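Novice:
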Ligand code: IMP
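In the working numbering, the protein residues as written are 8 to 460.
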């Protein structure tokens, strides 16, 4: 495989002849299911090898838990997991929606724990999540009742709605007081009308919102800048980039289980639009998938086990949402879905996480196809109704009783566990590049380093 994008040949400038081309290895790390696959650990693990870790979509609906070698646990929501790598510059691209309060709290909390995030760079074009977005998110969900999406309630959807409607406030507006006040006045008139007249809810106060937001903005003002130029120049210097996805491909607003999705694109392609690099810069896509499946919120989930098996997976895997604390729905590995996300995101290698949670099952099931309306299919249908009607076709695989927890080499894995992994690779049509056997950074089997692929 070609390693990277070829940039301007700088040896030509220096010596007047052609030489070794400059390279910018850039990888994208994305969730290949419905989120919570363990992107935080994987990004953190690879973070030591990269110069830039870039977030490009979502907001503080994401939650990454990272445990460092000294046993410290960090929950990150807006900052990329690379924040914990002392050598990486962390970047938030234009595709991310930013709550000024949350980012300020995160910067302050990391600082309090001795983590220096002064290298953080945030795109001036990123859009803001404002207090009225949270209010709208919550009342909309209440209003929808049994048809609710099950959002995180953080105002993500309403913030993206404003972006697309071209009435949103961007980070750069905060540093032009009059422009900010004018935009806020207009957008608040609109949303307060909706809050009061449509939802019978309390309006959001203009002056309080203005003052509080401006005060918060001072904290991150020096970090706001031109991210596309920053990344282009990094590429010119041949530095490594890691693009860190949020949520999972099946929550993608276009390619996911719509309408039970988030409001941004989670597929790997979004890394380019959400940060301002060209698509050819992205040379390797690492798809993170659990060895089983989980989902938070409402929507179709063909292999869900709302029974003792699901509860066992949930308890062993400590499956509670990082953001909302809600118990996650759990089920068997769905090879049909992951094969689909391998295609929509162009995944080159899988990082398989939480294999140890399957220890001790006599037998395991893997979904290899669906029954739909009397027929059999090997893909997730596009239709909303059909997605809810598919019934999984399972293949049964013998389980293992020895522990895989903490394994750091293939030789430490029970033979059946290796067979399970190999079968997943076959069904999904993609090799496992990395296997994670506990939340600890070191408990990992690295088959192929994406930066050397
Ligand atoms: P929203 O992103 O808060 O609008 O929520 C929309 C859907 O995406 C809901 O089903 C959420 O539970 C789900 N969701 C959003 N962010 C995450 C995440 O980071 N992990 C898992 N599910 C998520």
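By construction, the Cβ of each residue, glycine as well, lies at the ideal position given by its N, Cα and C atoms. Quantities reported herein were computed from a predicted structural model and do not represent experimental measurements.
#1: Which one of 377, 373 and 401 has the shortest CA to CA distance from residue 432?
#2: Does the beta-carbon of residue 133 have 16 or more other beta-carbons within 10 angstroms, so that it is buried, or is it exposed?
#3: Mind the definition here: the segment 271-283 touches the segment 98-108 only if three or more C-beta pairs lie below 8 Å; say whether that holds.
#4: Does at least one heavy atom of the ligand IMP sit under 7 Å from the Cβ of residue 254?
#5: Measuring only the C-alpha atoms, how far is residue 17 from residue 128?
#6: DSSP three-state call for residue 223: helix, strand or coil?
#7: Could you tell me whether the Cβ atoms of residue 50 and residue 251 are closer together than 8 Å?
#8: What residues match up with residue 62 in a beta bridge as DSSP calls it?
#9: Consult DSSP for residue 432 and reduce its assignment to one of helix, strand or coil.
#10: Do residue 411 and residue 362 have their beta-carbon atoms positioned less than 8 Å apart in this structure?
#11: Identify, in the order they occur along the chain, each residue of the same chain with its Cβ nearer than 8 Å to the Cβ of residue 455, setting aside the five sequence neighbours on each side.
#12: Beta-carbon of residue 216 versus every beta-carbon of chain B: anything under 8 Å?
#13: Closer than 7 Å: is that where the CB of residue 439 sits relative to any heavy atom of the ligand IMP?
#14: Using a threshold of 7 Å, is the CB atom of residue 267 nearer than that to any non-hydrogen atom of the ligand IMP?
#15: Please list the segments of the beta strand (DSSP E) lying wholly inside the segment 262-298, counting only runs of 3 or more residues, in order along the chain.
#16: Alpha carbons only, please: which of 349, 459 and 156 is nearest the one belonging to residue 307?
#17: How big is the Cα-Cα spacing for residue 211 and residue 426?
#18: Taking just the CA atoms, how far does residue 202 sit from residue 192?
#19: The ligand IMP and residue 304: does the residue's C-beta get closer than 7 Å to at least one heavy atom of that ligand?
#20: Under a three-way DSSP split, which group does residue 232 fall into?
#21: For a quick check, are the C-beta atoms of residue 72 and residue 91 less than 8 Å apart?
#22: Look at the Cβ atom of residue 259, then the Cβ atom of residue 247, and state whether they are nearer than 8 Å.
#23: For the segment 318-338 against the segment 230-245, are there 3 or more C-beta pairs whose distance is under 8 Å?
#24: Give every residue of the same chain whose Cβ lies closer than 7 Å to the Cβ of residue 52, excluding the five residues on either side of it in the sequence, and list them in chain order.
#25: For a test of the three-state rule: what should DSSP assign to residue 140, helix, strand or coil?
#26: Considering residue 372, what are the terminal residues of the beta strand (DSSP E) in which it resides?
#27: Does DSSP put residue 28 in a helix, in a strand, or in coil?
#28: Is the Cβ-Cβ distance between residue 67 and residue 269 less than 8 Å?
#29: Give the range of the beta strand (DSSP E) segment to which residue 302 is assigned.
#30: Determine the extent of the alpha helix (DSSP H) in which residue 171 is found, giving its start and end residues.
#31: With a threshold of 16 other CB atoms inside 10 Å of the CB of residue 358, please say whether the residue is buried or exposed.
#32: By DSSP, does residue 114 sit in helix, in strand, or in coil?
#33: In the DSSP output, which residue or residues are listed as bridge partners for residue 387?
#34: The alpha helix (DSSP H) that contains residue 186, what's its start and end?
Specialist: On the basis of the data shown:
#1: Translated into positions along the chain shown, residue 432 becomes position 425. Nearest of 377, 373 and 401 to residue 432, Cα basis: 373.
#2: Mapped onto the chain shown, residue 133 falls at position 126. Residue 133 should be labelled buried.
#3: yes
#4: As a position in the chain shown, residue 254 is number 247, starting the count at 1. Yes, the Cβ of residue 254 comes within 7 Å of a heavy atom of the ligand IMP.
#5: The residue given as residue 17 occupies position 10 in the chain shown. The residue given as residue 128 occupies position 121 in the chain shown. Confidence is the limiting factor: at residue 17 the pLDDT is only 30, short of 50, which leaves the residue's position unreliable, though a coordinate-based value still follows. In a straight line, the C-alpha of residue 17 is about 26 Å away from that of residue 128.
#6: As a working note, residue 223 is residue 216 in the chain shown. In the structure shown, residue 223 sits in a helix (DSSP, three-state: H, G or I).
#7: By 1-based counting over the chain shown, the position of residue 50 is 43. By 1-based counting over the chain shown, the position of residue 251 is 244. Judged by their CB atoms, residue 50 and residue 251 are nearer to each other than the 8 Å cut-off.
#8: Walking along the chain shown from the start, residue 62 turns up at place 55. Beta-bridge pairing links residue 62 to 99 and 251.
#9: As a working mapping, residue 432 is identified with position 425 in the chain shown. Here residue 432 sits in helix by DSSP.
#10: The sequence position of residue 362 within the chain shown is 355, counting from 1. The sequence position of residue 411 within the chain shown is 404, counting from 1. In this structure, residue 411 lies closer than 8 Å to residue 362 by Cβ.
#11: Against the chain shown, residue 455 aligns to sequence position 448. If we look at residue 455 and ignore the five residues flanking it on each side, its Cβ neighbours are 356, 438, 440 and 441.
#12: In the structure shown, chain B does not exist; there is a single protein chain.
#13: Position 432 of the chain shown, counting from 1, holds the residue named residue 439. In terms of side-chain proximity, the C-beta atom of residue 439 is found no nearer than 7 Å to any non-hydrogen atom of the ligand IMP.
#14: Locating residue 267 in the chain shown gives position 260, where the first residue counts as 1. Residue 267: yes, Cβ under 7 Å from the ligand IMP.
#15: 291-297
#16: As a working note, residue 307 is residue 300 in the chain shown. Ranking the options by Cα distance to residue 307, first place goes to 156.
#17: In the chain shown, counting from the first residue as 1, residue 211 sits at position 204. In the chain shown, counting from the first residue as 1, residue 426 sits at position 419. If I take the Cα positions, the gap works out to 57 Å.
#18: The count along the chain shown starts at 1 and reaches residue 192 at position 185. The count along the chain shown starts at 1 and reaches residue 202 at position 195. So the two alpha carbons sit approximately 15 Å from each other.
#19: Mapped onto the chain shown, residue 304 falls at position 297. Indeed, a heavy atom of the ligand IMP lies less than 7 Å from the Cβ.
#20: Locating residue 232 in the chain shown gives position 225, where the first residue counts as 1. Strand.
#21: Your numbering for residue 72 matches position 65 in the chain shown. Your numbering for residue 91 matches position 84 in the chain shown. Not closer than 8 Å, so no.
#22: In the chain shown, residue 259 corresponds to position 252, counting from 1. In the chain shown, residue 247 corresponds to position 240, counting from 1. No, they are not a contact pair.
#23: no
#24: Residue numbering aside, residue 52 sits at position 45 when the chain shown is read from its first letter. The answer, listed in chain order, is 448 and 451.
#25: Your numbering for residue 140 matches position 133 in the chain shown. Three-state DSSP puts residue 140 in a helix.
#26: Within the chain shown, numbered from 1, the residue matching residue 372 stands at position 365. According to the DSSP assignment, residue 372 belongs to the beta strand (DSSP E) that extends over 370-379.
#27: Position 21 of the chain shown, counting from 1, holds the residue named residue 28. Note that residue 28 scores a pLDDT of 39, beneath 50, so its modelled location is shaky and nothing firm can be said.
#28: As a first step, residue 67 must be located in the chain shown, where it is residue number 60. As a first step, residue 269 must be located in the chain shown, where it is residue number 262. Taking 8 Å as the Cβ cut-off, residue 67 and residue 269 do not qualify as a contacting pair.
#29: As a first step, residue 302 must be located in the chain shown, where it is residue number 295. Here the beta strand (DSSP E) through residue 302 covers 300-302.
#30: Taking the first residue of the chain shown as 1, we reach residue 171 at position 164. 163-172 is the span of the alpha helix (DSSP H), which, as asked, contains residue 171.
#31: Within the chain shown, the letter at position 351 stands for residue 358. Result: buried.
#32: As a working mapping, residue 114 is identified with position 107 in the chain shown. Residue state, collapsed to three classes: helix.
#33: For the purposes of this step, residue 387 is taken as the residue at position 380 of the chain shown. Note: residue 387 sits in no beta bridge, so no partner.
#34: If you number the chain shown from 1, residue 186 lands on position 179. First-last of the alpha helix (DSSP H) with residue 186: 184-200.
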